[in-house]
Amino acid sequence: MKSIEQLIILAGGKGNRLKYETSNVPKPLVTLFDKKCILGLLIDRHLPEYSEILILAGYKSEQIEDYVANYYSNENIRVLCEKSLAGTGGAFLVHRDELASKFAVINGDTWFESDLKISSLDLGCKLAGLVLKNVDDSSRYGSVQVQTYGEVTGFSEKNSEGLGGGNLINVGCYVFSKQILSYISSLPCSLERDVFPRLVSKRLLTSWVADGQFLDIGIPETLAFARANPGFFNNEI
Numbered sequence: 001m002k003s004i005e006q007l008i009i010l011a012g013g014k015g016n017r018l019k020y021e022t023s024n025v026p027k028p029l030v031t032l033f034d035k036k037c038i039l040g041l042l043i044d045r046h047l048p049e050y051s052e053i054l055i056l057a058g059y060k061s062e063q064i065e066d067y068v069a070n071y072y073s074n075e076n077i078r079v080l081c082e083k084s085l086a087g088t089g090g091a092f093l094v095h096r097d098e099l100a101s102k103f104a105v106i107n108g109d110t111w112f113e114s115d116l117k118i119s120s121l122d123l124g125c126k127l128a129g130l131v132l133k134n135v136d137d138s139s140r141y142g143s144v145q146v147q148t149y150g151e152v153t154g155f156s157e158k159n160s161e162g163l164g165g166g167n168l169i170n171v172g173c174y175v176f177s178k179q180i181l182s183y184i185s186s187l188p189c190s191l192e193r194d195v196f197p198r199l200v201s202k203r204l205l206t207s208w209v210a211d212g213q214f215l216d217i218g219i220p221e222t223l224a225f226a227r228a229n230p231g232f233f234n235n236e237i
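In my numbering, the protein residues as written are 1 to 237.
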């Protein structure tokens, strides 16, 4: 049974790793194929599942506003803009009045296709939860350590062996209670560097492991793969 009606898409970053690709266009609007961008693919995929989609925009936010206005007439899709970049965690503090008591979150540069319905996930007594995927090599992403019952106990940095050699990675899909705002005290603020470690220390972060197609378009190599393999987004490869 669906328990979450609101989806947040994080679309505020600069996309520095893509260099010239994002000098004039925000990363979620970089063209992939057939005039498609990952923001449009994400909206199309998730719109049937949620009553409301909020897109939190920062860098070149006016372009994201124009894109949504031009391609989506649905009044349940809104773009909320930051006057200055607040970070992946700080964006929630900036727009706190718009948040539901519990909401789903996805990164605006990441695709994860699985049978798991994020809108049906239950946090229990935790304040936040991460969707994780098992991979052969987690060194590019960093890994997440969890207890057998799902509680997150730690993180390892990119390009490291990690604690215990784990290969579970964060795929950029979350469920948050609005109470997470009490762990965001200053701007800018990063979910990964600032908020999640604090939640781990209080034993308030849980996780769910799912299998599915995963792609982060945030580096030139993966962007090139997305452009060359449109079938990936239809689960055809």
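All residues carry an ideal CB built from backbone N, CA and C; glycine is no exception.
A quick note: this is a predicted structure, and the numbers were derived from the prediction, not measured.
The alpha helix (DSSP H) enclosing residue i, as first and last residue numbers
i	result
T206	No alpha helix (DSSP H) contains T206, which is instead part of the beta strand (DSSP E) from 205–209.
L199	196–201
G40	38–46
Endpoints, beta strand (DSSP E) assigned at residue i
i	result
G12	Segment: none, G12 is in no beta strand (DSSP E) and carries neither H nor E.
R78	77–81
G129	128–134
V146	144–146
G90	Careful: G90 lies outside any beta strand (DSSP E), inside the alpha helix (DSSP H) at 87–94.
T153	152–155
Three-state class that DSSP yields for residue i in the structure shown
i	result
I4	coil
A57	strand
L187	coil
G231	helix
E52	strand
L32	strand
A226	helix
I219	coil
K158	coil
Residue i to residue j span [Cα, whole Å]
i	j	result
N76	V105	16 Å
Q63	P26	8 Å
G231	S185	42 Å
I239	R203	Because the chain spans 1 through 237 in this model, residue 239 falls outside it and cannot be assessed.
L85	D122	31 Å
D109	A224	14 Å
I53	N74	10 Å
N70	G13	22 Å
L168	S61	32 Å
Q179	P197	16 Å
I8	H95	11 Å
K126	L205	6 Å
G212	D115	8 Å
Which residues DSSP lists as bridging residue i, in chain order
i	result
F214	F112
I169	K133
Y174	V105, L130
I64	According to DSSP, I64 bridges with nothing at all.
Cβ neighbour criterion (16 or more within 10 Å) applied to residue i
i	result
S207	buried
S238	Residue coverage of the chain in this structure runs from 1 to 237, which leaves residue 238 outside it and unanswerable.
D44	exposed
P28	buried
S201	exposed
K102	buried
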